[in-house]
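What follows is one structure encoded as structure tokens, with my remarks underneath.
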Amino acid sequence: MSAALGPERPQVVAHAQQALSYTVFDCKWVPRSARLLCLGSAARGTGVVQLYELHGARLELLREIEKPKPIKCGTFGATSLQQRYLATGDFDGNLNIWNLEAPEIPVYSVKGHKEIINSIDGVGGLGIGEGAPEIVTGSRDGTVKVWDPRQNDTPVANMEPVQGESKRDCWTVAFGNAYNQEERVVCAGYDNGDIKLFDLKTMSLRWETNIKNGVCSVEFDRKDINMNKLVATSLEGKFHVFDMRTQHPTKGFASVSEKAQKSTIWQVRHLPQNRDIFMTSGGSGSLHLWKYEYPAQRSKKDSEGSEMGVAGSLSLLQNVTLSTQPISSLDWSPDKKGLCVCGAFDQTVRVLIVTKLNKI
Amino acid sequence: MPVWLREHSWRQTLSAVYLSLPLRGARATPANIFCSEQYLKVSIPPFLFEAILYAPIDDTNSTAKIGNGNIFFTLYKKEPAMWDSLTLANADKEKLQDLRENAVLKAHEKAKEETEAKKITKQENKKYALEATMKLEEAERKRIEDLKEKERQKVTKELELWKNQQKDGDKYKSMQKKGALHEEIEPLKQRKNEKINKTQIPNEGTSKTRLKSTKGDGSCSIFSQNLKEELLPAPRAAATIKVNFTPRVFPTALRESRVPEEEEWLHKQAEARRIINSDLSELEDLKEEEKNPDWLKDKGNKMFAMGDYLGAVNAYNLAVKLNSKLPVLYLNRAACHLKLRNLHKAIEDSSKALELLTPPVPDNENARVKAHVRRGTAFCQLELYTEVPVDEMWSRSMAGS
């Protein structure tokens, strides 16, 4: 692991920050704008959605919406650029899609799970990816469900434990491999360290592995290409990068792992403009910016002649500590390279700018 | 007795006295010369020269030059006047003594003052050095801050620019969109008409009413949505995928478990099942099934349920003889004893059960709670309240018994 050269290293500049009066669980940029959303839970047990706009070095509150149940996660991934509807998962297991112009009644609502929806992802919208818009939710009740906003009440895919099996909390979900209309893959991470890859075209389990510690966050480097890399972060400061191009029949995907921080790595987010750069946020309030370097040969033949992937290497570009509390959510702006927002458990949301990313 | 040096020669001007003192082969160093305002002494053992000067001199500025077997003093007078002689005549012994002492004292004081002055200058120098370094560091810090500030401002400006571009872009796009949509509507209308001729009438009706009922912009967006829906694939056929999770003997997640202790507990249980105390003569009388501790335990449980406590105790006794390591036997026997009011025995049995139920893991938690409860009850019924350990009071309250 090597660090980039001194004066040319990307710097993380804290541009603006805003103290909030509620616990923020997720923060997302509104696509094609300088506005961001903060989702969370107020002290009185209700859900809060706040819309901020970036003005110079401050955040200006445009809108505040209160909902009956605390909101855990949200995504814009499944809506078109014109509509920009927000899909949220809340503490009660409800999946709602809101039109932020008229947020009183949700555009789509379903009680998808019996327990809190821990993670949500969307694909097929925003001009990214091909195929139908779909939303996947992962919940503490151990199930992962895929929803189509055009179909009410029932999910289009349901990944649930076998009858009689004790359930494990699903902590994170991510879409990937959506490079044409039929192909799609969902990756889910569970609290016992299981990572499962479900293929939605064949409706089967494509790959699974166990990384020993609970999986806090998974993300493909791009949703809309043939699956290339998958980063899975876990408790105790470890994260794994899997090379998803070559699947070995028994060994699965090759991976490289890194132990960067002593604390849980809460989130990983890839830079939308460069799929080899990603940022991890940690339980100690720190952010690490990483770059993945591909190996000379991405696949090689093993002793039986079957193709096996070769994992590359990671280098730490920069790290910075912003807070004493865990940074639980992170989002890059899809429009401006280097602009990102992070929300931490010290009830602050910060807008950061990472400089010199062009030179990487 | 020192040897006095008397061959000195001197001359004077109005302001100074020049004294030349030949040393008879002796080596002189500055340490040998002692001079105060009115007293001058040179002492190079065994030689000694002292003089009580006629008038006070300025001893700080006066100099002594040592060389050529000679000391040459240049003494500056305090008051410019011509001296009658170098030394004071009529100097009696006491006066001499006094003067000497005074001189020494004065010299001391001077020395002290000098050291003080030195100290002060040293401190001031240090302070100055410190301030200088602090200033340098401040400057460095400021420079870094300035760099950061500049970076920040640059980035802020870029951001503002980008934001404005976005806003303009949005406006432009929306105008463009309207234009494009208007263009699209024409061929679309034609296509729809064709379609309508082929498909059923109700469809036509609905699409037409949609066209009519909405105004201006609304119709454009609905059109675009219709377009899109035709391009998007239908919702997926619903299906379920069953998953299995990585198996684990204990229900807690790996991160919460105390693995070594749980392993130990598993070992113990496995061993306990294997032990058979086979050195009992009574075994020959028993039937095959009566030699199985589990079967005996079940029998005992049944009898307990029916109220036949003595019978249950017997069953458990036999089971214990066969296998003394199963905690559940002691546990159940304790319950029987409680019912029979054999409280001391109940206490014994629950204690034995607790001993066997180490290490404490979530798996044997229920059993441990039961043991604590039974023991606590027995103690209370014996009215030995002080014997009841704290955790048993807690268990009792938890179990609600």
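For the protein sequence lines, the chains are A and B, in the order given. When the first sequence is numbered by this note's numbering, its final residue is 342 and no position is left out of the sequence of numbers. When the second sequence is numbered by this note's numbering, its final residue is 499 and no position is left out of the sequence of numbers. Note that CB positions come from ideal geometry on N, CA and C, so glycine has one too.
- Not one beta carbon of chain B lies nearer than 7 Å to the beta carbon of V331 (chain A).
- With a contact defined as Cβ atoms closer than 8 Å, L77 (chain A) and V92 (chain A) qualify at about 5 Å.
- L245 (chain B) carries a helical assignment under DSSP once its states are collapsed to helix, strand and coil.
- Listed in chain order, the non-local C-beta contacts of L173 (chain B) below 6 Å within the same chain comprise V115, I155 and S160, local neighbours out to five positions each way being set aside.
- Residues of the segment -15 to 19 of chain A with a C-beta less than 8 Å from any C-beta of chain B: Q(-7), V(-5), H(-3), R14, S15 and A16, listed in chain order.
- Put simply, the CB of K269 (chain B) is far from chain A, with every gap to its CB atoms at 7 Å or more.
- W393 (chain B) carries a helical assignment under DSSP once its states are collapsed to helix, strand and coil.
- F343 (chain B) belongs to the set of residues whose beta carbon lies under 7 Å from a beta carbon in chain A.
- Listed along chain B are V341 and F343, each with a C-beta nearer than 7 Å to that of P143 (chain A).
- Residues of chain A whose Cβ lies closer than 7 Å to the Cβ of E238 (chain B) do not exist, since the nearest Cβ in that chain is about 16 Å away.
- Annotation: I131 (chain B) is outside any alpha helix (DSSP H); the continuous beta strand (DSSP E) that includes it extends over I131 to C133.
- DSSP lists A:H37 as the beta-bridge partner residues of R40 (chain A).
- Pairwise C-beta distances place the segment 2 to 11 of chain A in contact with the segment 327 to 335 of chain A, as three or more of them are shorter than 8 Å.
- Taking 7 Å as the threshold, the shortest C-beta distance from L364 (chain B) to chain A does not fall below it.
- Of all residues in the segment 302 to 315 of chain A, none comes within less than 9 Å of chain B when Cβ atoms are compared.
- Think of a sphere of 7 Å around the beta carbon of L44 (chain A): no beta carbon from chain B falls inside it, the nearest being about 14 Å out.
- For the 7 Å CB-CB criterion, E240 (chain A) and F221 (chain A) form a contact.
- In this structure, A469 (chain B) places its C-beta atom within 7 Å of the C-beta atom of S448 (chain B).
- Cα atoms of I339 (chain B) and V30 (chain A): separation of roughly 34 Å, rounded to the nearest angstrom.
- Within chain B, the residues whose beta carbon sits less than 7 Å from that of T136 (chain A) are A336, listed in sequence order.
- Following the DSSP letters along the chain, one finds E446 (chain B) inside the alpha helix (DSSP H) bounded by residues L441 to L454.
- Looking at the DSSP output, K127 (chain A) shares a beta bridge with A:T119 and A:N140.
- Closest in C-alpha terms to P391 (chain B), from the list B:F402, B:V426, B:L234 and B:S107, comes B:V426.
- Looking at the DSSP output, W363 (chain B) shares a beta bridge with no other residue.
- Within the segment 249 to 260 of chain B, the residues whose Cβ lies closer than 9 Å to some Cβ of chain A are E249, R250, K252, V253, T254, E256, L257, E258 and W260, listed in chain order.
- One finds nothing in chain A with a Cβ atom closer than 9 Å to the Cβ of L480 (chain B); even the nearest lies about 42 Å away.
- Going by C-alpha positions, P85 (chain A) is about 17 Å away from S62 (chain A).
- The distance from the Cβ of V12 (chain A) to that of R66 (chain A) is about 6 Å, consistent with a contact at the 8 Å cut-off.
- No Cβ of chain B is located within less than 7 Å of the beta carbon of N256 (chain A).
- Here S239 (chain A) is bridged, per DSSP, to A:H222.
- Between E147 (chain A) and D123 (chain A), the C-beta gap is not smaller than 7 Å, which leaves the two residues out of contact.
- Residue state for H(-3) (chain A) is assigned as strand, using DSSP reduced to three classes.
- Per DSSP, V471 (chain B) is one residue of the alpha helix (DSSP H) stretching across E463 to Q479.
- A residue is called buried once 16 or more other Cβ atoms fall within 10 Å of its Cβ, and R439 (chain B), having fewer, is exposed.
- In this structure, DSSP gives D135 (chain A) a state outside helix and strand, which the three-state scheme calls coil.
- The shortest C-alpha to C-alpha distance from V250 (chain A) to any of A:I79, A:F260 and A:Q243 is the one to A:F260.
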